[in-house]
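Numbering (the numbering used here), first residue to last: 10 to 503.
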């Protein structure tokens with residue numbers, strides 16, 4: 010932290026932004042001001058820029074907050090810092106974020122982000138760690154933007170038809186206008202389509218479909234039995250193919266295919282389920298420490314504790330939820346290291362040298378331990394030490410040797426992963442075209458271990474430890490909405 014008097018002649022910008030009037034601008038601004046005060050600035054040094062505007066809809070040139078920031082920097086030559094609450098408050102577009110980053114670096118202005126905390130410059134130069142974090146969170150901010158845009162698009166389509174639902178029981182997937190005309194309910198339409206599509210594969214029983222849809226859409230309050238009964242009724246209703254009263258949601262071909270499967274009672278085709286799991290062997294239950302295995306025995310691909318293990322609370326989580334989140338992080342990490350060719354590769358080479366030195370030192374220590382054990386045995390032969398004491402000393406030394414051996418193995422594995430990175434191609438790959446095996450290879454290079462835990466039933470949390478930096482990435486997933494966000498924590502790097 011800078012000395013309290015070091016900013017007596019300097020000013021800082023407090024840049025605060027929310028997207029809608031319903032969000033709390035004041036609390037965000039106060040949090041940023043607290044960080045600036047902690048860094049040694051005083052209230053009189055603050056240039057506060059607050060705005061309510063969308064980071065999705067507007068470009069850099071159209072954003073009032075960013076324009077005001079640039080105006081203030083041009084006007085005041087003594088601005089040394091810009092404080093923000095989180096990176097997405099600058100923008101959710103990577104192009105804009107990197108433009109602002111370069112703008113601040115060129116002027117030697119420090120960017121301080123409160124959540125997750127990082128400082129862009131270190132001793133007046135771009136911090137390698139901050140640059141990596143900037144790249145990762147810029148990528149995730151843009152991904153979140155795409156998700157929000159898609160949600161808003163669905164919302165606009167849904168709101169084209171407004172009005173009350175018809176009294177009485179309507180089929181799931183429909184609603185009524187004020188004149189009681191039955192129209193498709195865009196909220197429930199996907200539920201109906203997914204239900205028929207899942208069953209039409211022949212790999213899901215009605216119960217399996219119920220479990221999968223409850224995971225996807227979070228029908229809170231429904232039991233699996235009630236949901237299975239509801240789906241059984243819906244699957245028999247040909248009105249979903251459309252008639253004079255109900256608009257069409259599915260094709261008659263799809264409906265007939267599902268009825269044929271039901272008639273043939275094909276409920277045991279799970280052996281044909283394709284295994285596309287990406288995180289096998291590196292995913293664990295945090296509470297028990299048990300490895301989570303992949304299965305799709307119920308037609309629902311998931312990671313879960315192996316049957317028969319005695320645990321206080323069973324853990325199971327959807328395979329796709331986990332794999333998508335881990336793949337996104339692995340891609341962001343890989344992009345950050347592949348694109349930052351110069352400094353990052355130098356940093357990796359320096360880390361490789363450190364690991365070689367540590368390995369050699371541990372090997373020397375183990376050799377000395379062997380010599381000590383030989384001397385203890387020699388002293389025991391000549392009755393210079395009791396048998397009990399000799400055994401205790403040997404036990405302590407052997408444990409120390411084993412611990413050293415474990416560290417040596419760990420360092421060798423890290424060196425192996427770094428070597429793969431250094432020998433990798435410089436060209437930016439097309440990640441969307443990667444095969445399953447290629448995705449697994451990237452994930453294994455980037456990710457050391459994933460630990461899963463939950464503080465709410467439908468909200469799994471992934472603690473991700475990587476092979477390439479000293480951070481723990483904590484990914485929070487809402488399995489009902491598909492939303493996710495991430496926190497980072499600095500961990501000890503042995």
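Glycine included, each C-beta is placed from N, C-alpha and C at the ideal position.
Given the structure is predicted, the values throughout are model-derived calculations rather than measurements.
Self-check item: Minimum C-alpha distance to residue 144 - residue among 97, 393, 201 and 244
Solution: In the chain shown, the residue the question calls residue 144 occupies position 135. Answer by Cα proximity: 97.
Quiz item: What is the residue span of the alpha helix (DSSP H) that residue 202 lies within?
Solution: By one-based count along the chain shown, residue 202 stands at place 193. Unbroken alpha helix (DSSP H) run through residue 202: 195-209.
Quiz item: Excluding sequence positions up to five away, which residues of its chain have a Cβ less than 6 angstroms from the Cβ of residue 82?
Solution: Sequence index remark: in the chain shown, residue 82 carries index 73 (1-based). Once the five neighbours on either side are set aside, the close Cβ partners of residue 82 are 88.
Self-check item: Contacts around residue 379, its chain only, beta-carbon distance under 8 angstroms, and the 5 residues preceding and following it disregarded
Solution: Residue numbering aside, residue 379 sits at position 370 when the chain shown is read from its first letter. Excluding positions up to five away in sequence, the list reads 410.
Quiz prompt | Beta-carbon proximity check, residue 338 vs residue 448, cutoff 9 angstroms | solution = Taking the first residue of the chain shown as 1, we reach residue 338 at position 329. Taking the first residue of the chain shown as 1, we reach residue 448 at position 439. Cβ distance not < 9 angstroms, so residue 338 and residue 448 don't count as in contact.
Self-check item: Separation of residue 109 from residue 115, as counted between CA atoms
Solution: By one-based count along the chain shown, residue 115 stands at place 106. By one-based count along the chain shown, residue 109 stands at place 100. Rounded to the nearest angstrom, the two C-alpha atoms are 10 angstroms apart.
Quiz item: Buried or exposed: which applies to residue 254, given that a residue is buried once 16 or more other Cβ atoms fall within 10 Å of its Cβ?
Solution: Locating residue 254 in the chain shown gives position 245, where the first residue counts as 1. Under a 10 Å Cβ-count criterion, residue 254 is classified as exposed, with fewer than 16 other Cβ atoms of the shown protein chains found around its own Cβ.
Quiz item: DSSP on residue 120, reduced to helix/strand/coil?
Solution: Numbered from 1 along the chain shown, position 111 holds the residue referred to as residue 120. DSSP places residue 120 in strand when its eight states are reduced to three.
Quiz item: Thinking just about the alpha-carbon of each residue, which of 336, 404, 430 and 371 is nearest to the one in residue 358?
Solution: Residue 358 sits at position 349 when you count from the first residue of the chain shown. If we check each option's Cα against that of residue 358, 430 comes out closest.
Quiz item: Alpha carbon to alpha carbon, how far is residue 244 from residue 218?
Solution: The residue given as residue 244 occupies position 235 in the chain shown. The residue given as residue 218 occupies position 209 in the chain shown. Spanning the two alpha carbons is a distance of roughly 11 angstroms.
Exercise. Round the Cβ separation of residue 483 and residue 467 to the nearest angstrom and send it over; I've been treating them as touching at under 8 angstroms.
Key: Taking the chain shown and counting its residues from 1, the one referred to as residue 483 is at position 474. Taking the chain shown and counting its residues from 1, the one referred to as residue 467 is at position 458. The Cβ separation is near 17 angstroms, so there is no contact.
Quiz item: When we look at the beta-carbon of residue 493 and count the other beta-carbons within 10 Å, is it buried (16 or more) or exposed?
Solution: Residue numbering aside, residue 493 sits at position 484 when the chain shown is read from its first letter. By the 16-neighbour rule on beta-carbons within 10 angstroms, residue 493 is buried.
Quiz item: Closer than 9 angstroms, CB to CB, is residue 499 near chain C or not?
Solution: Although the question refers to chain C, the structure presented lacks it and comprises just one protein chain.
Exercise. Can you have a look at residue 442 and say buried or exposed, based on whether 16 or more other CB atoms are within 10 angstroms of its CB?
Key: For the purposes of this step, residue 442 is taken as residue 433 along the chain shown, with counting starting at 1. With fewer than 16 other Cβ atoms within 10 Å, it is exposed.
Quiz item: From which residue to which residue does the beta strand (DSSP E) around residue 54 run?
Solution: Working through the chain shown from its first residue, we reach residue 54 at position 45. Premise fails: residue 54 is in no beta strand (DSSP E) and is neither H nor E.
Self-check item: Contacts around residue 277, its chain only, beta-carbon distance under 6 angstroms, and the 5 residues preceding and following it disregarded
Solution: Along the chain shown, one-based indexing puts residue 277 at 268. With a pLDDT of only 38 at residue 277, under 50, the local geometry of the prediction cannot be trusted, and no value is derived from it.
Exercise. Report yes if the C-beta distance between residue 75 and residue 59 is below 9 angstroms; otherwise report no.
Key: Here the question's residue 75 lines up with position 66 in the chain shown. Here the question's residue 59 lines up with position 50 in the chain shown. No; because the gap between Cβ atoms is not below 9 angstroms, this pair is not in contact.
Practice problem: Check each candidate in 455, 319 and 54 and name the one with the smallest Cα separation from residue 426. | Solution: For the purposes of this step, residue 426 is identified with residue 417 of the chain shown, where counting begins at 1. Ranking 455, 319 and 54 by Cα distance to residue 426 puts 455 first.
Quiz prompt | residue 443 - DSSP class collapsed to helix/strand/coil | solution = As a first step, residue 443 is located in the chain shown; it is residue number 434 there, counting from the start. If DSSP states are grouped into helix, strand and coil, residue 443 belongs with coil.
Practice problem: Would you please state the rounded distance, in angstroms, between the beta carbons of residue 472 and residue 268? I believe it to be under 8 angstroms. | Solution: Stepping through the chain shown from its first residue, residue 472 is reached at position 463. Stepping through the chain shown from its first residue, residue 268 is reached at position 259. About 46 angstroms; that fails the 8 angstroms criterion.
Practice problem: Taking 9 angstroms as the cut-off, decide whether the C-beta atoms of residue 500 and residue 486 are in contact. | Solution: One-based indexing of the chain shown puts residue 500 at position 491. One-based indexing of the chain shown puts residue 486 at position 477. Contact: no.
Quiz item: Quick one, are the C-beta atoms of residue 130 and residue 120 less than 9 angstroms apart?
Solution: The residue labelled residue 130 in the question sits at position 121 within the chain shown. The residue labelled residue 120 in the question sits at position 111 within the chain shown. Between residue 130 and residue 120, the C-beta gap is smaller than 9 angstroms, which places the two residues in contact.
Exercise. Decide if residue 478 is buried, meaning its Cβ has at least 16 other Cβ atoms within 10 Å, or exposed.
Key: Counting from one through the chain shown, the residue named residue 478 turns up at place 469. So residue 478 ends up on the buried side.
Quiz item: Does the segment 389-404 come within contact of the segment 354-373, defined as at least 3 CB pairs closer than 8 angstroms?
Solution: Here the segment 389-404 makes no contact with the segment 354-373; the two share fewer than three CB pairs at distances below 8 angstroms.
Quiz item: Hey, quick one: how far does the beta strand (DSSP E) through residue 303 stretch, first residue to last?
Solution: Here residue 303 corresponds to residue number 294 of the chain shown, with the count starting at 1. Here the beta strand (DSSP E) through residue 303 covers 301-304.
Quiz item: Are the CB atoms of residue 92 and residue 23 nearer to each other than 9 angstroms?
Solution: On the chain shown, position 83 is the one that residue 92 refers to. On the chain shown, position 14 is the one that residue 23 refers to. Going by C-beta atoms, residue 92 is nearer than 9 angstroms to residue 23.
Quiz item: Could you give the residue range of the alpha helix (DSSP H) that holds residue 490?
Solution: In the chain shown, the residue the question calls residue 490 occupies position 481. Counted as a single uninterrupted DSSP element, the stretch harbouring residue 490 is not any alpha helix (DSSP H), since DSSP gives it neither H nor E.
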